[in-house]
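Novice:
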Amino acid sequence: MQKTIITIFSTFAILSMASCFPKASHVIRSLPVESREQILAQYNQDQLAEGKAIFSSSCDNCHKLKQPETRTAEKWNSIIKRMIPKAKLSDEEGKLVRAYVIANSKTI
Numbered sequence: 001m002q003k004t005i006i007t008i009f010s011t012f013a014i015l016s017m018a019s020c021f022p023k024a025s026h027v028i029r030s031l032p033v034e035s036r037e038q039i040l041a042q043y044n045q046d047q048l049a050e051g052k053a054i055f056s057s058s059c060d061n062c063h064k065l066k067q068p069e070t071r072t073a074e075k076w077n078s079i080i081k082r083m084i085p086k087a088k089l090s091d092e093e094g095k096l097v098r099a100y101v102i103a104n105s106k107t108i
């Protein structure tokens with residue numbers, strides 16, 4: 001009986017902890033790697049400025065900010081997909097941050 005209770009409690013604890021981990025939305029996970037030119041064609045300067053503001057205020061809460069020009073668009077795309085859920089940004093905020101960093105990313 002005690003073994004059953006321990007098993008049930010352990011299972012509940014593991015499931016509870018797993019549900020606390022942020023998960024990227026389908027929208028964020030499905031974003032393709034876009035070039036700087038593609039981003040600049042889709043987003044205007046006001047949107048990029050909003051992305052910069054969100055990037056500065058949200059990402060700086062947990063760690064030192066990396067400048068966008070230190071990474072390629074491909075690298076930023078993978079970083080952003082992983083970090084947006086951790087920062088608890090909405091899909092729209094995540095897209096703006098992603099647009100900002102890619103628009104200012106390192107060119108190869």
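Numbering of the sequence shown is given in full-length UniProt numbering, commencing with residue 1 and proceeding in unit increments. Just so you know, even glycine gets a beta-carbon here, dropped at the ideal spot from N, CA and C.
Go ahead and pull the three-state DSSP assignment for Thr107.
Specialist: Here Thr107 sits in coil by DSSP.
Novice: Flag this pair as yes or no: are the beta carbons of residue 109 and Pro68 separated by less than 8 Å?
Specialist: It is not possible to answer for residue 109, since the shown part of the chain is limited to 1 through 108.
Novice: Going by Cα to Cα distance, which pick from Pro32, Val27, Met83 and Thr72 is closest to Lys106?
Specialist: Nearest of Pro32, Val27, Met83 and Thr72 to Lys106, Cα basis: Thr72.
Novice: Going by beta-carbon coordinates alone, are Arg98 and Leu31 separated by less than 8 Å?
Specialist: Yes, these two residues count as a Cβ contact at 8 Å.
Novice: In the DSSP assignment, find the unbroken alpha helix (DSSP H) run with Ser78 in it and report its ends.
Specialist: Where Ser78 is concerned, the enclosing alpha helix (DSSP H) stretches over Ala73 to Ala87.
Novice: Return the chain-ordered list of same chain residues with a C-beta closer than 8 Å to the C-beta of Ser56, the five sequence neighbours on each side being excluded.
Specialist: Closer than 8 Å at the Cβ level, and outside the excluded window around Ser56, lie Leu65.
Novice: In three-state terms, what does DSSP make of His26?
Specialist: In the structure shown, His26 sits in a helix (DSSP, three-state: H, G or I).
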